[in-house]
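One structure is given below, encoded as structure tokens.
There are 2 protein chains.
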Amino acid sequence: MTNIRDLAREAEVSVTTVSRVLNDHPYVAEDKRRAVRDAITKLGYIRNQTAVQLSTGQTKTIGVMLPYVDHPYHAAILHGIAQCAFEEGYRFLTWQTNYIASHEQTVLQALAQREVDGLIVVSHSLPVDEILRYEQYGPIVFCEHHEDVSSVYINHYTAFQSGLKTLQSFGHTQIGICLGRPDSTNSRARKQAYQDTVSPEDTSWIYQQALTIEDGADIARQWSNQSCRPSALLTASDHVAAGIILELRKQGYRIPEDLAVIGFDGSDLAVVLNLTTVAVPYETIGRQAFSIAISDNWRDHPQIEIPTALLSGLTAVEVKE
Amino acid sequence: MTNIRDLAREAEVSVTTVSRVLNDHPYVAEDKRRAVRDAITKLGYIRNQTAVQLSTGQTKTIGVMLPYVDHPYHAAILHGIAQCAFEEGYRFLTWQTNYIASHEQTVLQALAQREVDGLIVVSHSLPVDEILRYEQYGPIVFCEHHEDVSSVYINHYTAFQSGLKTLQSFGHTQIGICLGRPDSTNSRARKQAYQDTVSPEDTSWIYQQALTIEDGADIARQWSNQSCRPSALLTASDHVAAGIILELRKQGYRIPEDLAVIGFDGSDLAVVLNLTTVAVPYETIGRQAFSIAISDNWRDHPQIEIPTALLSGLTAVEVKE
DNA sequence: GCTTGCCGTGAAACGCGTTTCATAGTTTAC
DNA sequence: GTAAACTATGAAACGCGTTTCACGGCAAGC
Numbered sequence: 320m321t322n323i324r325d326l327a328r329e330a331e332v333s334v335t336t337v338s339r340v341l342n343d344h345p346y347v348a349e350d351k352r353r354a355v356r357d358a359i360t361k362l363g364y365i366r367n368q369t370a371v372q373l374s375t376g377q378t379k380t381i382g383v384m385l386p387y388v389d390h391p392y393h394a395a396i397l398h399g400i401a402q403c404a405f406e407e408g409y410r411f412l413t414w415q416t417n418y419i420a421s422h423e424q425t426v427l428q429a430l431a432q433r434e435v436d437g438l439i440v441v442s443h444s445l446p447v448d449e450i451l452r453y454e455q456y457g458p459i460v461f462c463e464h465h466e467d468v469s470s471v472y473i474n475h476y477t478a479f480q481s482g483l484k485t486l487q488s489f490g491h492t493q494i495g496i497c498l499g500r501p502d503s504t505n506s507r508a509r510k511q512a513y514q515d516t517v518s519p520e521d522t523s524w525i526y527q528q529a530l531t532i533e534d535g536a537d538i539a540r541q542w543s544n545q546s547c548r549p550s551a552l553l554t555a556s557d558h559v560a561a562g563i564i565l566e567l568r569k570q571g572y573r574i575p576e577d578l579a580v581i582g583f584d585g586s587d588l589a590v591v592l593n594l595t596t597v598a599v600p601y602e603t604i605g606r607q608a609f610s611i612a613i614s615d616n617w618r619d620h621p622q623i624e625i626p627t628a629l630l631s632g633l634t635a636v637e638v639k640e
Numbered sequence: 320m321t322n323i324r325d326l327a328r329e330a331e332v333s334v335t336t337v338s339r340v341l342n343d344h345p346y347v348a349e350d351k352r353r354a355v356r357d358a359i360t361k362l363g364y365i366r367n368q369t370a371v372q373l374s375t376g377q378t379k380t381i382g383v384m385l386p387y388v389d390h391p392y393h394a395a396i397l398h399g400i401a402q403c404a405f406e407e408g409y410r411f412l413t414w415q416t417n418y419i420a421s422h423e424q425t426v427l428q429a430l431a432q433r434e435v436d437g438l439i440v441v442s443h444s445l446p447v448d449e450i451l452r453y454e455q456y457g458p459i460v461f462c463e464h465h466e467d468v469s470s471v472y473i474n475h476y477t478a479f480q481s482g483l484k485t486l487q488s489f490g491h492t493q494i495g496i497c498l499g500r501p502d503s504t505n506s507r508a509r510k511q512a513y514q515d516t517v518s519p520e521d522t523s524w525i526y527q528q529a530l531t532i533e534d535g536a537d538i539a540r541q542w543s544n545q546s547c548r549p550s551a552l553l554t555a556s557d558h559v560a561a562g563i564i565l566e567l568r569k570q571g572y573r574i575p576e577d578l579a580v581i582g583f584d585g586s587d588l589a590v591v592l593n594l595t596t597v598a599v600p601y602e603t604i605g606r607q608a609f610s611i612a613i614s615d616n617w618r619d620h621p622q623i624e625i626p627t628a629l630l631s632g633l634t635a636v637e638v639k640e
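Protein chains in written order, with this note's numbering: chain C, 320 to 640; chain X, 320 to 640.
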């Protein structure tokens, strides 16, 4: 493997000059520049990126902590990160944590060990302040809202409220909700929006642990077994909504006549099912998070709220008298 | 930032001994080991991973080249890679290329510059032999079949054949297909299977450039405008199948009575639509590709064929007389 | 005519952990 | 009892590019 010292010898210049040529520094005479270029070609030199990283103290790499790379909305955030990273000449390392605390620790460790210049936390299970202890090693940007933390987020309270109000405007009074992980920040905000907006008569209309299509089917069965049912459901994700709709149709119920359903995410599934859904611009979240992670002002803990939009389908429509 | 030399001074040992303690080398006396450990705690030392990488010449990182991180089946492969990488103590860098040749070059460059120890090429647009020129710098594993190349793949010929034969066994004789990128290796194999299996009467039953839900809707419109139509369609992906089904239902056609449809991938969409589909274990492909990339025998160009399975739904059923 | 200031170049230090090699004291082996 | 085989330890080299600092030459400024 030829290195810059070999080049220097071949081109009869100093390593400094070689380095200057490599980095397009102006203070190099044209003939020496050419000599170095010729040496590069002749010896087939290729820069060792690791050495550059050690030398500059920068990896030009951002780490991404997320629970599952193949969940549609995490993947969409990743997409935004990938776009932005490429444009900025950065790379990114992805860690799939499955929400396992020890795996999340590994990611934080990587920041401390200077494997990455910064971290984007898409979703996590460790307490925020434990994660923030690692901010001394570099920027940490969250994709959900926390106080005094760099974050790019959607307002789950208002987003959920918009879904609930839509159902109300369609004439529904018996409204239930589905929540994902019960103790997550997002779920808490959503629950609060629910309590503030519809003042529910029955806590059995809050369906917990709603994450997958299968969870949706479970919830549909729960619903159909209840004596006192909601007439409308705001779900935690399009996947859950899909599970509910499919199971209920299988059981002979009609959507939205027997149960109006609103999804969350604005995914492909929503298009396919003609699902009314709260659309979230996940790609934008990824892009913004990335730009904070590589900006100089991350210490100011910038906070960016990304707006959501209600996307109308046919699973939640005006109630006919 | 304290380094290994500071530790050596503090613990009154040599840097070699410190390095030994850090790497759990056995030839260190217990008292010195403790002294080093104490120094680590006292000075708050954290290993600089970049220095380790430069020193060992290994990054313990694998690069992944794929067109889009948020396409379900690429994400599924990524999921497999992520799992395997974590288990093996590796990291992975993802490059989203959008099938742009210059972006793919960047990825190859990264291998040459020793940013990664190896490369997994999920899908690509550059010619294979151009990519293989970089094999001198490290293992390159493909997720599709090519001769004399490390690869983990599904046999698109037999996979497509199984779909076609299923349609035939259901009584269909007028069978069409959808293909994705016209010149890809996969499309060629699929087309061959089509020609060998159904000996099509009409080339207008091959629908090209079928990649997204929207493409599917386009194809549905094409189909409904044709005077001589196939009675069954084997599609390039579940997304395309979904687009076709939704558009045709909107136009008042019935699936499978007017058109039987089989998808490809075995994705969530298939579950939701009760779609008959050719299921592909993408996660397994990712895992296997990863293990080849970090194995010693990659120079032998191992080839692993992963089997597919037909998953029955309701969009392709026995033709009633 | 002399001081600034810019251009061009290189030696050496720096970032930091790993590894080779030499040395010396102990055991084990026969 | 002596050779062979461990165990334990450190100096120095290595991997490799960047950056600081010093210095000579030359042109512009007054």
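Ideal Cβ placement from N, Cα and C applies to all residues, glycine included.
None of these values were measured; they are calculated from a predicted model.
Are any of the Cβ atoms in chain X nearer than 9 angstroms to that of A431 of chain C?
yes
Would you mind telling me which residues of chain X sit closer than 8 angstroms to E434 of chain C, beta carbon to beta carbon, in chain order? Q368, T369 and R410
**Q.** Expected contact under 8 angstroms - CB spacing of R433 of chain X and T369 of chain C to nearest Å
**A.** 6 angstroms
query: For S631 of chain C, which of C:D343, C:A579, C:A529 and C:I381 has the nearest alpha-carbon?
result: C:A579
Discussion item. For a quick check, are the C-beta atoms of I574 of chain X and V471 of chain X less than 9 angstroms apart?
Written reply: Cβ distance not < 9 angstroms, so I574 of chain X and V471 of chain X don't count as in contact.
* State the CB to CB distance for the pair K484 of chain C and L498 of chain C, rounded to an integer number of angstroms; the pair is presumed to be in contact (CB under 8 angstroms). => Contact doesn't hold; Cβ gap of about 18 angstroms is too wide.
Considering only their Cβ atoms, is the gap separating A551 of chain C from L313 of chain C smaller than 9 angstroms? What the structure shows of chain C is the stretch from 320 to 640, and residue 313 of chain C is not part of that stretch, so it cannot be assessed.
What is the residue span of the beta strand (DSSP E) that F583 of chain C lies within? A579 to D584
For the beta strand (DSSP E) containing T596 of chain X, list its first residue and its last residue. For T596 of chain X, the uninterrupted beta strand (DSSP E) segment begins and ends at T595 to A598.
Margin query: Could you check whether the Cβ of F405 of chain C sits closer than 9 angstroms to any Cβ belonging to chain X?
Written below: yes
Subject >> Minimum Cβ-Cβ distance from N593 of chain X to chain C less than 9 angstroms >> reply: Closer than 9 angstroms to some Cβ of chain C, the Cβ of N593 of chain X qualifies, so yes.
Query raised in the report: In chain C, which residues lie with their C-beta within 9 angstroms of the C-beta of L341 of chain X?
Result: Correct list: empty, because the minimum Cβ distance to chain C is about 12 angstroms.
Inter-residue CB distance, A395 of chain X and D389 of chain C (contact presumed, cutoff 8 angstroms): 5 angstroms
Answer with yes or no whether the minimum CB distance from I459 of chain C to chain X is below 9 angstroms. Chain X, which has no Cβ nearer than 9 angstroms to the Cβ of I459 of chain C, makes this no.
L412 of chain C versus C:P391, C:A536 and C:T380, residue with shortest Cα-Cα distance | C:T380
Completely contained alpha helix (DSSP H) runs for the segment 595-633 of chain X, where each covers 4 or more residues
601-612
Point to revise | Rounded C-alpha distance that separates Y513 of chain X from Y476 of chain X | key: 8 angstroms
Cβ neighbours of Q652 of chain X in the same chain (closer than 7 angstroms, five flanking residues each side left out) | Any property of residue 652 of chain X remains undetermined from this structure, which presents chain X solely from 320 to 640.
**OP:** Let me know if Y346 of chain X comes out buried or exposed under the rule of 16 or more other beta-carbons within 10 Å of its beta-carbon.
**Re:** exposed
Output needed in chain order: residues of the segment 507-529 of chain X with a Cβ under 9 angstroms from some Cβ in chain C. Answer set for the segment 507-529 of chain X: empty.
message = Once the 5 residues before and after S333 of chain C are set aside, which same chain residues still bring their CB inside 7 angstroms of it?
response = A327
### Message
Based on DSSP bridge pairs, tell me the residues matched to V460 of chain C.
### Response
BP columns for V460 of chain C point to C:I439.
Inter-residue Cα distance where the pair is Q528 of chain C and T554 of chain C: Across the structure, Q528 of chain C and T554 of chain C are spaced so that their CA atoms are roughly 11 angstroms apart.
Q. Do V599 of chain C and A429 of chain C have their C-beta atoms within less than 9 angstroms of each other?
A. No; because the gap between Cβ atoms is not below 9 angstroms, this pair is not in contact.
Report back the beta-carbon spacing between G490 of chain X and A612 of chain X to the nearest angstrom; my notes put them in contact at under 8 angstroms. Incorrect: roughly 45 angstroms between the Cβ atoms, too far for contact.
Less than 9 angstroms separating the beta-carbons of I525 of chain C and I496 of chain C?
-> yes
Open item on the list: Please list, in chain order, the chain X residues whose beta carbon lies closer than 7 angstroms to that of A561 of chain C.
Closed with: V591
If we ignore side chains and look at the alpha-carbon of each, how far apart do Q607 of chain X and A404 of chain X end up? 11 angstroms
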